[in-house]
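In what follows, a structure is listed as structure tokens, so that the remarks can point back to it.
Numbering (my numbering), first residue to last: 1105 to 1634.
Here is the structure:
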């Protein structure tokens, strides 16, 4: 089973759909139903990051004439099954007679429901002020809980034209909307995009993940991107070798949900050595160690300055703590080298960086060590400096990956380019040149090995807090320590698991009033869910 699907341009997507449906409206109708139901389920789930669903859910549908609008109408039909008395306000661009046949068919499924109301079409309203007046009256005092943008899909060609342009401007400025969802693509985004595109909080890519959603300049409009895998679009059959970008599927973590073999012991699941920590930042190492233990690795050896090791050993007794000689400022001394090498001899993977500190001795030590570490290496945080990466070039065992987990600021430091925005081409070049795998954290997170880039649609703003990266590095290190014939897939597995746990945490507790370490408990919840 594939664990990624290829990213296609809008023109490639249109050609692929045409080859599947061949103009057959019944096939298109079946795909529309599948997309609409998946869309509703995903939106209602993601809405919980704000608060539980109100029974009188109020939904604004921006309706065009194409199949994106049909998807929206099928989604509304599904919403009626989950909410007691939803109110659906449809704001059409043109009169309903201009809609495509399957879009009309989808509308017929909901138009007789109590609670469905049509506003005058935007084409009959001569000014933005008139559009705003209709929107304000329909929103009344509470506005809208959800707005569904189904105006334009992948057929879009720039620029935006009236009256769609004005309608989008009005809705973008209208503040009383809690949750803005774009269907497939925000209206105005395509192979060529318009700066005035719909402003989404979430974009739900239905069946095919379109390349414009991966472009940096479109991220602020697309918001968080979810990929809805639709069986009817047969994306497993697309030639992945023909595309350098792909989107990660939740299926990648399925092996983690299986029973362990009956005949096993702790040595069956790898041994991760962690070299990190300093008196100034002991918590970062603590989170990495805890995350590594939650990853299922058999053994964890935690090497830290003596004062840190003695402090943390009581908090995490499951790890084997090795106190190291330390400097006056409480970081690891170069005198630790022989002791560290002794403990590395039995490890199957190595992690360094979280809370290591930026002192010259600890960095010098890491530079001395890294060329002799012939096992998978994960570098994060304070280990992410150009001179450390350069030292790794001398490693004799190129089969074991060097993995870095930078956020955008650290990536800019590594590339010595303050303007670097993490464009896919630049990321591919950097990873190829330095013979490493990068997990560039962001929205979306990009996993790149120099020839391919896979994007993770999991996780979100709940991770925008100190410590979330330390937890990720521990999971990556722990999974790599267990061994695999496909290290890239193992890294993707770790990233997806971390992101899915973050999604579940946010859906249960919201994005704001949480602590980073709460994420640890959701790792097991993800695996034990359906």
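Here a beta-carbon is modelled for each residue, glycine too, at the ideal position from N, C-alpha and C.
Since we're looking at a predicted model, the values are computed, not measured.
On the three-state DSSP scale, how would you describe residue i?
i: residue 1619; result: coil
i: residue 1476; result: coil
i: residue 1625; result: helix
i: residue 1358; result: helix
i: residue 1306; result: strand
i: residue 1158; result: coil
i: residue 1454; result: strand
i: residue 1631; result: helix
i: residue 1422; result: coil
i: residue 1552; result: strand
i: residue 1377; result: strand
i: residue 1401; result: coil
i: residue 1557; result: strand
i: residue 1389; result: helix
i: residue 1488; result: coil
i: residue 1348; result: coil
i: residue 1435; result: coil
i: residue 1653; result: Absent from the model: residue 1653. The displayed extent of the chain is 1105 to 1634, so no value can be given.
i: residue 1528; result: helix
i: residue 1108; result: strand
i: residue 1635; result: In this structure the chain extends from 1105 to 1634, so residue 1635 is not present and cannot be described.
i: residue 1166; result: strand
i: residue 1542; result: strand
i: residue 1506; result: strand
i: residue 1342; result: coil
i: residue 1584; result: helix
i: residue 1609; result: helix
If you measure between the beta carbons of residue i and residue j, is that distance less than 8 Å?
i: residue 1132; j: residue 1216; result: no
i: residue 1312; j: residue 1112; result: yes
i: residue 1331; j: residue 1561; result: yes
i: residue 1399; j: residue 1389; result: no
i: residue 1457; j: residue 1483; result: yes
i: residue 1395; j: residue 1425; result: no
i: residue 1559; j: residue 1318; result: yes
i: residue 1455; j: residue 1577; result: yes
i: residue 1507; j: residue 1599; result: no
i: residue 1107; j: residue 1353; result: yes
i: residue 1436; j: residue 1469; result: yes
i: residue 1516; j: residue 1434; result: no
i: residue 1287; j: residue 1175; result: yes
i: residue 1223; j: residue 1199; result: no
i: residue 1252; j: residue 1163; result: yes
i: residue 1601; j: residue 1403; result: no
i: residue 1543; j: residue 1553; result: no
i: residue 1451; j: residue 1376; result: yes
i: residue 1186; j: residue 1211; result: no
i: residue 1453; j: residue 1563; result: no
i: residue 1606; j: residue 1627; result: no
i: residue 1509; j: residue 1463; result: no
Return the Cβ separation of residue i and residue j in integer angstroms, given the expectation that the two are a contact with Cβ distance under 8 Å.
i: residue 1334; j: residue 1292; result: Not really, about 23 Å apart at Cβ, beyond 8 Å.
i: residue 1348; j: residue 1557; result: 6 Å
i: residue 1294; j: residue 1382; result: In fact, because the Cβ distance is near 49 Å, the residues do not count as touching under 8 Å.
i: residue 1574; j: residue 1391; result: 4 Å
i: residue 1255; j: residue 1274; result: That pair is no contact at about 12 Å.
i: residue 1308; j: residue 1146; result: 6 Å
i: residue 1393; j: residue 1423; result: 5 Å
i: residue 1306; j: residue 1280; result: That pair is no contact at about 18 Å.
i: residue 1282; j: residue 1154; result: 6 Å
i: residue 1192; j: residue 1221; result: 7 Å
i: residue 1195; j: residue 1226; result: 7 Å
i: residue 1397; j: residue 1135; result: Their Cβ separation, rounded to whole angstroms, is 44 Å, which puts residue 1397 and residue 1135 out of contact at 8 Å.
i: residue 1548; j: residue 1329; result: 6 Å
Should residue i go down as buried or exposed, given a rule of 16 or more other Cβ atoms within 10 Å for buried?
i: residue 1368; result: exposed
i: residue 1355; result: exposed
i: residue 1160; result: exposed
i: residue 1597; result: buried
i: residue 1419; result: exposed
i: residue 1181; result: buried
i: residue 1290; result: buried
i: residue 1138; result: buried
i: residue 1550; result: buried
i: residue 1320; result: exposed
i: residue 1363; result: exposed
i: residue 1046; result: With the chain covering only 1105 through 1634, there is no way to say anything about residue 1046.
i: residue 1526; result: buried
i: residue 1303; result: buried
i: residue 1498; result: exposed
Is residue i near the ligand ADP, judged by its Cβ being under 7 Å from some heavy atom?
i: residue 1181; result: Only the bare structure without any ligand can be found here, which leaves the ligand ADP out of the picture.
Task: Runs of beta strand (DSSP E) wholly within the region 1184 to 1269 (minimum 3 residues, chain order) - done: 1191 to 1196, 1220 to 1222 and 1248 to 1254
Task: Entirely enclosed alpha helix (DSSP H) segments - the region 1268 to 1330, minimum 4 residues - done: 1268 to 1277 and 1323 to 1326
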